[in-house]
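Quick notes on the structure that follows.
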Amino acid sequence: IAALRASDTELGLAFDGDGDRLGIVTRDGQNIFPDRQLVLFAKDVLTRVPGAPIVFDVKCSQRLAPAIRAAGGVPLMHQTGHSL
12 IAALRASDTE LGLAFDGDGD RLGIVTRDGQ NIFPDRQLVL FAKDVLTRVP GAPIVFDVKC
72 SQRLAPAIRA AGGVPLMHQT GHSL
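If you read the sequence shown in this note's numbering, its first letter stands for residue 12, the second for the next number, and so on.
Right, dumping it as structure tokens:
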């Protein structure tokens, strides 16, 4: 956050070691949690592919599917994890 404030940067991005998770923080220290990230990404995709299916994890919040529908997408919940 200090690095963001010291520069002209609005967001900080951090990937985990194998790149399958993304952390986003704003310059004022607010986390953009994964469910919100997916809503933002879905809205972008749906401007180019209206009605597209948007796949999300069963562990996501109950607010995600309605947000995807409201943006014009088709929410698809799916299991994830190494045990599948």
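Even for Gly, the Cβ is constructed at its ideal location relative to N, Cα and C.
With a Cβ-Cβ cutoff of 8 Å, do residue i and residue j count as a contact?
i   : j   : result
L22 : T37 : yes
I11 : G30 : Any answer about residue 11 is impossible in this case: the structure gives the chain only from 12 up to 95.
P64 : L75 : no
Would you list the one or two residues that DSSP bridges to residue i?
i    : result
L113 : Outside the shown range of the chain, which is 12 to 95, sits residue 113, and nothing can be said about it.
R22  : Before going on, a small fix: residue 22 reads as Leu here, not Arg. Paired residue(s): T37.
Tell me the DSSP secondary structure of residue i in three-state form.
i   : result
A14 : helix
A82 : coil
Q. In the segment 24-79, which residue ranges form an unbroken beta strand (DSSP E) of at least 3 residues, counting only runs that do not cross its ends?
A. Complete beta strand (DSSP E) runs here, min 3: 33-37 and 64-68.
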